[in-house]
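Numbering (my numbering), first residue to last: -12 to 210.
Just so you know, even glycine gets a beta-carbon here, dropped at the ideal spot from N, CA and C.
Being a predicted model, the structure only gives us computed values, none of them experimental.
Structure first, commentary second.
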């Protein structure tokens, strides 16, 4: 049986550029579909420009808060660009690699333009077309979403259910936690070996917010 790992953004390297975590008006009313199964190619805007996070200097006498909008990130444009939207944002180089490895039934590539300083660079959202019931609901400790109670908002301890892995697929999304994207371990290692920077992979046992207080079972996602 194929083993899968979680595909995450790199969170330890502040030299890497990140997409600006701001509202994208062009996606209003549709953006949630980028976190669901199925194609988005028919409605996705073809001229979408998203800037990287280039903070301005802080005002005089500014006192840093826990969320400091003036904390900068680097300008290094990598093959994967970290972002808060739950997207896998890939360079043309990584897109070509994934196109060779994945079928057209597993992934579609939605073009975006990333603005970094005076540059406009081509990138793509690698959008999983599959979303499956691959989380073991009875063993996974996570707080349910107030908007969609059948989904997780946060996960403290993740357990996957291999029975929910789609046959022959190598890249898919967890239906109950749309921010969780899974990729088979062989392909993940190939991405690392080919020197694609900006992302990271972890096993299910290492995924989750362990610093969260234990979540009462009444707040767990239910079947």
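Nearest residue (CA-CA) to residue i, options the options
i           : options         : result
residue 28  : 37, 79, 94      : 94
residue 60  : 6, 137, 91, 144 : 6
residue 181 : -9, 81, 40      : 81
residue 204 : 83, 101, 127    : 127
residue 244 : 119, 133, 30    : Here the chain comprises residues numbered -12 to 210, so residue 244 is not present and cannot be evaluated.
residue 16  : 8, 30, 151      : 30
Straight-line Cα distance separating residue j from residue i
i           : j           : result
residue -8  : residue 50  : 40 Å
residue 115 : residue 185 : 18 Å
residue 137 : residue 26  : 22 Å
residue 10  : residue 22  : 15 Å
residue 161 : residue 109 : 27 Å
residue 73  : residue 113 : 11 Å
Beta-carbon gap between residue i and residue j smaller than 9 Å
i           : j           : result
residue 174 : residue 105 : no
residue 68  : residue 3   : yes
residue -3  : residue 39  : no
residue 151 : residue 121 : yes
Residue i, buried or exposed, once every other Cβ within 10 Å from all chains shown has been counted against 16
i           : result
residue 19  : exposed
residue 37  : buried
residue 33  : exposed
residue 71  : exposed
residue 178 : buried
Which ranges would you report for the beta strand (DSSP E) in the stretch 103 to 178 if only whole runs of at least 3 residues count? Those beta strand (DSSP E) runs which fall completely within the stretch 103 to 178 and span 3+ residues are 106 to 115, 128 to 131, 139 to 144, 158 to 161, 168 to 171.
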